[in-house]
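J.: First, the structure itself, so that you have it in front of you.
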């Protein structure tokens, strides 16, 4: 699965388009109604909607053009993600990641808690618990995104060459 979603340099450049980040964030919760629909429309329809969701998550970083400018918060999220995933090694990277590790893990746990809780409660068709878990997922993800921008800005201080990613 990881190899299917693996991104090349070109894909990362497309993913840095602000519309890629915002549309991915705004549509991330749509997995819950897709699962919820199994009760009303059956698993064939729900399965198709889940497939559409997964396909969108795959397609999203690839479908938008390379941005004309990357001085947007949403663009810098992807830059932070690349650093977090160690796509761009540089001196001081491990120390930088250590500074952000506990907060980033906590936010990932919050988002994951919301995601998996939302999957379960959507399957059980429990409206308010699904809303709660969806909200937890979105809060965790948004805060994680903010942390990625913070990580990127800290990385620029250690490796000023990374500032060239902003144009």
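In my numbering, the protein residues as written are 2 to 168. Note that the Cβ used here is the ideal one computed from N, Cα and C, for glycine as well.
1. Give the list of continuous alpha helix (DSSP H) stretches no shorter than 4 residues that lie fully inside the region 14 to 57.
2. Considering only residues of the same chain and omitting the five flanking positions on each side of residue 101, which have a CB-CB separation below 7 Å?
3. Thinking just about the alpha-carbon of each residue, which of 156, 164 and 30 is nearest to the one in residue 141?
4. Quick one, which of 85, 130 and 113 has its alpha-carbon nearest residue 156's?
5. Looking at the structure shown, is residue 141 part of a helix, part of a strand, or coil, going by DSSP?
6. When you compare only the Cα positions, how much space is there between residue 35 and residue 47?
7. According to DSSP, is residue 135 helix, strand or coil?
8. Nearest by alpha-carbon distance to residue 15: which of 108, 96, 106 and 79 is it?
T.: Quick answer:
1. Fully enclosed alpha helix (DSSP H) runs of 4 or longer: 19 to 28, 32 to 37 and 39 to 42.
2. As a working note, residue 101 is residue 100 in the chain shown. Excluding positions up to five away in sequence, the list reads 148 and 152.
3. Taking the chain shown and counting its residues from 1, the one referred to as residue 141 is at position 140. It is 30.
4. By one-based count along the chain shown, residue 156 stands at place 155. Residue 85 is the option with its Cα nearest to residue 156.
5. In the chain shown, counting from the first residue as 1, residue 141 sits at position 140. In the displayed model, residue 141 falls within a helix according to three-state DSSP.
6. Numbered from 1 along the chain shown, position 34 holds the residue referred to as residue 35. Numbered from 1 along the chain shown, position 46 holds the residue referred to as residue 47. Roughly 5 Å between the two C-alpha positions.
7. Counted from its first residue, the chain shown places residue 135 at position 134. Helix, per DSSP.
8. As a first step, residue 15 is located in the chain shown; it is residue number 14 there, counting from the start. For the residues 108, 96, 106 and 79, the minimum Cα distance to residue 15 belongs to 79.
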